[in-house]
Amino acid sequence: MAKELVHADRASKEMVKRAAEQEQETVWDRYEKMQPQCGFGNMGICCRICSMGPCRIDPFGEGTQTGICGANADTIVARNLIRMIAGGAAAHSDHGRDIAHTLLMAATDPNSDYEIKDPVKLRKVAEVYDIAIKGRDDKEIAVDLARACLAEFGKSEGEVTMASTAPEARQKVWRDLGVFPRAVDREIVEIMHRTHIGVDCDYKNLIRHGMRASLADGWGGSMVATEVSDILFGSPNPLRSCANLGVLKEDTVNLIVHGHEPTFSDVLALVSQKQELIDKAKAAGAAGGLTVGGICCTANEILMRHGFPVIGSFLQQELAIMTGAVELMVVDVQCIMPSLSELSMAYHTKLITISPKAKIPGAEHIEFKEDKAVEIATQIIELSIENFANRKKKDVYIPDDKEDMVAGFTTESVFQFLGGKYRGTYRPLNDGIISGRLRGAAGVVGCSNPNIDFEEGHIKMVKELLANDVLVVTTGCNAVSCGKHGLLRPEAAMKYAGKGLQEICETVGIPPVLHLGSCVDNSRILRVLANIVAEGGLGEDISDLPGAGAAPEWMSEKAVSIGFYFVASGVYTIIGHPLPVEGSEAVMKYITDEIEEEVGGKWAFELDPVKAAHKMIDHIDKKRQALKLKPPMYEQAYPFAV
Ligand code: NFS
Ligand code: SF4
2 MAKELVHADR
12 ASKEMVKRAA
22 EQEQETVWDR
32 YEKMQPQCGF
42 GNMGICCRIC
52 SMGPCRIDPF
62 GEGTQTGICG
72 ANADTIVARN
82 LIRMIAGGAA
92 AHSDHGRDIA
102 HTLLMAATDP
112 NSDYEIKDPV
122 KLRKVAEVYD
132 IAIKGRDDKE
142 IAVDLARACL
152 AEFGKSEGEV
162 TMASTAPEAR
172 QKVWRDLGVF
182 PRAVDREIVE
192 IMHRTHIGVD
202 CDYKNLIRHG
212 MRASLADGWG
222 GSMVATEVSD
232 ILFGSPNPLR
242 SCANLGVLKE
252 DTVNLIVHGH
262 EPTFSDVLAL
272 VSQKQELIDK
282 AKAAGAAGGL
292 TVGGICCTAN
302 EILMRHGFPV
312 IGSFLQQELA
322 IMTGAVELMV
332 VDVQCIMPSL
342 SELSMAYHTK
352 LITISPKAKI
362 PGAEHIEFKE
372 DKAVEIATQI
382 IELSIENFAN
392 RKKKDVYIPD
402 DKEDMVAGFT
412 TESVFQFLGG
422 KYRGTYRPLN
432 DGIISGRLRG
442 AAGVVGCSNP
452 NIDFEEGHIK
462 MVKELLANDV
472 LVVTTGCNAV
482 SCGKHGLLRP
492 EAAMKYAGKG
502 LQEICETVGI
512 PPVLHLGSCV
522 DNSRILRVLA
532 NIVAEGGLGE
542 DISDLPGAGA
552 APEWMSEKAV
562 SIGFYFVASG
572 VYTIIGHPLP
582 VEGSEAVMKY
592 ITDEIEEEVG
602 GKWAFELDPV
612 KAAHKMIDHI
622 DKKRQALKLK
632 PPMYEQAYPF
642 AV
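Just so you know, the sequence shown maps onto residues 2 to 643 in the working numbering.
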């Protein structure tokens, strides 16, 4: 039977109970059934890389200590780890590549359904790529930029262009260590080569290359995804919306977009506002018209740019269907549970896949084509309207729980807000930290995982940071959790923040947790960090800043790549359950300790979210001390004297 959720939002708790009553299986049930999970896998010491194996290392040091080829635990753990980076970096970067392709179409196809919505950003990014902008129109520049971005992925010479926007000192660290990223595809391919049987068996050498690939993701593939999305779909601006299953309505046709890439969801969101479609929904018996909302990072994309509501995060995808009120769920790529297929058949929900890269047996496939975006979006909305007639009243159960929130911050709009409208500068933010009104800043991001009580990690950690005057920026599923728990409302500052953070939030009118977007938008956090360094007064490099990163409930390979590019960018990064490296003491020691000497950042693992928050705060204090900053303004028990 389903385990009870303790710390999750009310809607999820209710739905998990209902799932048990209805004898529907959820991710939590399957997690329970999977226990005990394989210890070798958990520790990273099984190897299936060649067919002399599979091999496994005895973790107690008694039995066999090498694979058949002679690879030891250090090699096997490091190889497995960086293959996770390859998977994560590939996912983000392929997303970036697709968006760059859409930009090319928008600029070259006169009948394209896409247009350039942020010409200012177009020019800014073009400058990074040394593309001439003077006297040229948007489309001319966009063609060159799209081609440059596309060429960026697979080029065999040169370096990842966007990485040149990192602080000078940081670029030097990468060069000195030999990890400056060259090209996304090249680094990923090189991971696969180095981890093939009988190639690289030096764990440090393997992990250093893993860092290089992760940097190609963060400062390359993901950054291209974010910047080009802004150019095409418009840079987000802070706006109000709401989140949770209670967004679904009994009297509307409910359509969910789930996955990651904005290419389709952005068009669908806009098309769904057409009066004729709303009228069709009404004519089909849905008096309230049409509700479109998102799950996972697609939710963040259409939230940030258009204010569409968020239905839920990764672990809520099944729960949404179990409301019996979802006419149609359309999915593209990443974080889509295969279980949705069978589950949707138990209800009236139509499950539609649109990406040629992600088909699901049992789901209908309507292949998305950029040159038919509006047509396909219309077709899918019409299918959802048609399906309203099949909704079974007895199945409908929508938890009455949703929360207001503000989302849509970007590197640039944080800039505007914290800097004041007419003084585009990070000065007030830096000054806030220097004066000690703000103790520091933290990025809390990432997935949810049934191996920890849903949202306990996210919410306890964020609240603890806020109470200690640490400004939090968030993306991905953590952002959704923060939204559902009311932490993305400006009023949350009064309730949860320490006095200094309260003062800042009140003066500027921002929530204490700033929603910066989807997981590829972690690249926005990198840019914020680079801007803080550039503003001055807080050291020369990202690793000097009083800041930290965390993913308390991580699960995906993307999270591993993200964590590594933060560590390699100089950020102390703490996650809940450990990376699968515990089978090698050497690898553990390297990534949680020695690596700090090399790149200024390091990993830490801590399951208790409050303890983890305090480890972040200790790190922030250590950095304040190194910068000889004043103690935090409102912290009596400051651990060092100035
Ligand atoms: Ni990020 Fe977005 Fe969520 Fe994790 Fe999946 S949706 S890309 S990987 S689960 S945060
Ligand atoms: Fe075993 Fe070595 Fe083959 Fe891995 S690469 S399966 S350790 S023989």
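Where is the CB? At the ideal position from N, CA and C, for every residue including glycine.
Worksheet entry | Straight-line Cα distance separating residue 436 from residue 641 | Here residue 641 refers to the residue found at position 640 of the sequence shown. Here residue 436 refers to the residue found at position 435 of the sequence shown. Bear in mind that the predicted position of residue 641 carries a pLDDT of just 41, short of 50, making it unreliable; the figure below should be weighed with that in mind. One Cα belongs to residue 641, the other to residue 436, and the distance between them is close to 16 Å.
Worksheet entry | The beta strand (DSSP E) enclosing residue 241, as first and last residue numbers | Here residue 241 refers to the residue found at position 240 when the sequence shown is read from its first residue. Its beta strand (DSSP E) spans residues 240 to 244.
Worksheet item: What is the DSSP secondary structure of residue 405, counted as helix, strand or coil?
Response: In the sequence shown, residue 405 corresponds to position 404, counting from 1. In this structure, residue 405 counts as strand in the three-state DSSP scheme.
Discussion item. Check this for me: beta carbons of residue 475 and residue 445, under 8 Å apart or not?
Written reply: Sequence index remark: in the sequence shown, residue 475 carries index 474 (1-based). Sequence index remark: in the sequence shown, residue 445 carries index 444 (1-based). Yes, the Cβ-Cβ distance between residue 475 and residue 445 is below 8 Å.
Worksheet entry | Distance cut-off 7 Å: residue 477 Cβ against heavy atoms of the ligand NFS | What you label residue 477 is simply residue 476 of the sequence shown in a count that begins at 1. Yes, Cβ of residue 477 sits closer than 7 Å to a heavy atom of the ligand NFS.
Worksheet entry | DSSP bridge partner residues for residue 604 (one or two, in chain order) | The residue given as residue 604 occupies position 603 in the sequence shown. In DSSP, residue 604 forms a bridge with 574.
Discussion item. Measuring only the C-alpha atoms, how far is residue 507 from residue 429?
Written reply: Indexing the sequence shown from 1 puts residue 507 at position 506. Indexing the sequence shown from 1 puts residue 429 at position 428. Rounded to whole angstroms, residue 507 to residue 429 spans 14 Å at the Cα level.
Worksheet item: Any chance the CB of residue 315 is under 7 Å from a heavy atom of the ligand NFS?
Response: Numbered from its first residue, the sequence shown carries residue 315 at position 314. Checking every heavy atom of the ligand NFS against the Cβ of residue 315, one is found closer than 7 Å.
Worksheet item: Helix, strand or coil: which one does DSSP assign to residue 643?
Response: As a first step, residue 643 is located in the sequence shown; it is residue number 642 there, counting from the start. Residue confidence is low: residue 643 scores 32 on pLDDT, short of 50, so the model does not pin down where it sits. Its coordinate-derived value is still stated next. Coil at residue 643, not helix or strand.
Item to complete: Thinking residue 535 and residue 120 are a contact (beta carbons under 8 Å), I'd like their distance in whole angstroms, please.
Response: Position 534 of the sequence shown, counted from the start, is the residue given in the question as residue 535. Position 119 of the sequence shown, counted from the start, is the residue given in the question as residue 120. With a beta-carbon spacing of about 24 Å, residue 535 and residue 120 fall beyond the 8 Å limit used to define contacts.
Discussion item. Quick check: residue 269 and residue 103, are their CB atoms within less than 8 Å of each other?
Written reply: In the sequence shown, counting from the first residue as 1, residue 269 sits at position 268. In the sequence shown, counting from the first residue as 1, residue 103 sits at position 102. Not closer than 8 Å, so no.
Item to complete: May I ask you to report which of helix, strand or coil DSSP gives residue 351?
Response: Numbered from its first residue, the sequence shown carries residue 351 at position 350. Residue 351: strand per DSSP, three-state reduction.
Worksheet entry | Beta-carbon spacing of residue 505, residue 439 below 8 Å | As a working mapping, residue 505 is identified with position 504 in the sequence shown. As a working mapping, residue 439 is identified with position 438 in the sequence shown. For residue 505 and residue 439, yes; Cβs fall inside 8 Å.
Fill in: Euclidean distance between Cα positions of residue 237 and residue 375
For this step, residue 237 is matched to residue 236 along the sequence shown. For this step, residue 375 is matched to residue 374 along the sequence shown. CA-CA distance, residue 237 to residue 375, rounds to 22 Å.
Item to complete: Mind checking which residues open and close the alpha helix (DSSP H) that includes residue 73?
Response: Mapped onto the sequence shown, residue 73 falls at position 72. No alpha helix (DSSP H) holds residue 73; DSSP gives it neither H nor E.
Worksheet item: Does DSSP classify residue 428 as helix, strand or coil?
Response: Counting from 1 along the sequence shown, the entry for residue 428 is found at position 427. Reduced to three states, the DSSP call for residue 428 is helix.
Worksheet item: For the ligand SF4, is there a heavy atom less than 7 Å away from the beta-carbon of residue 54?
Response: Counting from 1 along the sequence shown, the entry for residue 54 is found at position 53. At least one heavy atom of the ligand SF4 is nearer than 7 Å to the Cβ of residue 54, so yes.
Item to complete: Give the C-beta separation of residue 202 and residue 405 to the nearest angstrom, bearing in mind that I take them to be a contact with Cβ-Cβ under 8 Å.
Response: Mapped onto the sequence shown, residue 202 falls at position 201. Mapped onto the sequence shown, residue 405 falls at position 404. That belief does not hold up - the Cβ atoms of residue 202 and residue 405 are roughly 54 Å apart, past 8 Å.
Worksheet item: What separation, rounded to the nearest whole angstrom, lies between the Cα atoms of residue 464 and residue 489?
Response: Counting from one through the sequence shown, the residue named residue 464 turns up at place 463. Counting from one through the sequence shown, the residue named residue 489 turns up at place 488. Answer to the nearest angstrom: the Cα atoms are 12 Å apart.
Discussion item. Does the stretch 537 to 553 come into contact with the stretch 313 to 326, if we say contact requires no fewer than three beta-carbon pairs (one atom in each stretch) closer than 8 Å?
Written reply: no
Fill in: In DSSP terms, what residue 210 is bridged to
Position 209 of the sequence shown, counted from the start, is the residue given in the question as residue 210. None; residue 210 has no bridge partner.
Worksheet item: Should residue 122 be counted as a contact of the ligand NFS given a C-beta to heavy atom distance under 7 Å?
Response: Within the sequence shown, residue 122 is the residue found at index 121, counting from 1. No, Cβ of residue 122 sits at least 7 Å from all heavy atoms of the ligand NFS.
Worksheet item: Just to check, is the beta-carbon of residue 503 closer than 7 Å to a non-hydrogen atom of the ligand NFS?
Response: On the sequence shown, position 502 is the one that residue 503 refers to. In this structure, residue 503 has its beta carbon at no less than 7 Å from each heavy atom of the ligand NFS.
Worksheet entry | Expected contact under 8 Å - CB spacing of residue 537 and residue 571 to nearest Å | Along the sequence shown, one-based indexing puts residue 537 at 536. Along the sequence shown, one-based indexing puts residue 571 at 570. That pair is no contact at about 17 Å.
Worksheet item: Is residue 290 near residue 312, with beta carbons less than 8 Å apart?
Response: Working through the sequence shown from its first residue, we reach residue 290 at position 289. Working through the sequence shown from its first residue, we reach residue 312 at position 311. Cβ atoms of residue 290 and residue 312: not closer than 8 Å.
Practice prompt. Flag this pair as touching only if the stretch 72 to 90 and the stretch 326 to 346 have three or more C-beta atom pairs under 8 Å; answer yes or no.
Written response: no
Item to complete: Would you list, in sequence order, the uninterrupted alpha helix (DSSP H) runs of no fewer than 4 residues that lie entirely inside the stretch 158 to 234?
Response: Taken in chain order, the whole alpha helix (DSSP H) runs of length 4 or more contained in the stretch 158 to 234 are 169 to 178, 185 to 195, 204 to 217 and 223 to 234.
Worksheet item: residue 245: which of 280, 309 and 597 sits nearest, CA to CA?
Response: For this step, residue 245 is matched to residue 244 along the sequence shown. Of the listed residues, the one whose Cα sits closest to residue 245 is 309.
Fill in: DSSP-derived helix/strand/coil call for residue 638
The residue labelled residue 638 in the question sits at position 637 within the sequence shown. No answer about residue 638 holds up, because its pLDDT of 44 lies below 50 and its placement is not dependable.
Worksheet item: With distances taken between CB atoms, is the gap from residue 108 to residue 140 smaller than 8 Å?
Response: Here residue 108 refers to the residue found at position 107 when the sequence shown is read from its first residue. Here residue 140 refers to the residue found at position 139 when the sequence shown is read from its first residue. Closer than 8 Å, so yes.
Worksheet item: Between residue 614 and residue 462, which are expected to be in contact by the criterion C-beta below 8 Å, what is the C-beta distance as a whole number of angstroms?
Response: Position 613 of the sequence shown, counted from the start, is the residue given in the question as residue 614. Position 461 of the sequence shown, counted from the start, is the residue given in the question as residue 462. Correct: roughly 5 Å between the Cβ atoms.
Discussion item. Please give the ranges of any beta strand (DSSP E) in the stretch 466 to 496, keeping only runs that are unbroken, at least 3 residues long and fully inside the region.
Written reply: 471 to 475
Worksheet item: To the nearest angstrom, how far is it from the Cα of residue 634 to the Cα of residue 20?
Response: The residue labelled residue 634 in the question sits at position 633 within the sequence shown. The residue labelled residue 20 in the question sits at position 19 within the sequence shown. Rounded to the nearest angstrom, the two C-alpha atoms are 48 Å apart.
Discussion item. Any heavy atom of the ligand NFS closer than 7 Å to the beta-carbon of residue 298?
Written reply: Along the sequence shown, one-based indexing puts residue 298 at 297. Answer for residue 298: yes, Cβ within range of the ligand NFS.
Item to complete: Thinking residue 216 and residue 182 are a contact (beta carbons under 8 Å), I'd like their distance in whole angstroms, please.
Response: Stepping through the sequence shown from its first residue, residue 216 is reached at position 215. Stepping through the sequence shown from its first residue, residue 182 is reached at position 181. Indeed they touch by this definition, with Cβ atoms about 4 Å apart.
Discussion item. Is residue 392 near the ligand SF4 - that is, is its Cβ less than 7 Å away from at least one heavy atom of it?
Written reply: In the sequence shown, the residue the question calls residue 392 occupies position 391. No, Cβ of residue 392 sits at least 7 Å from all heavy atoms of the ligand SF4.
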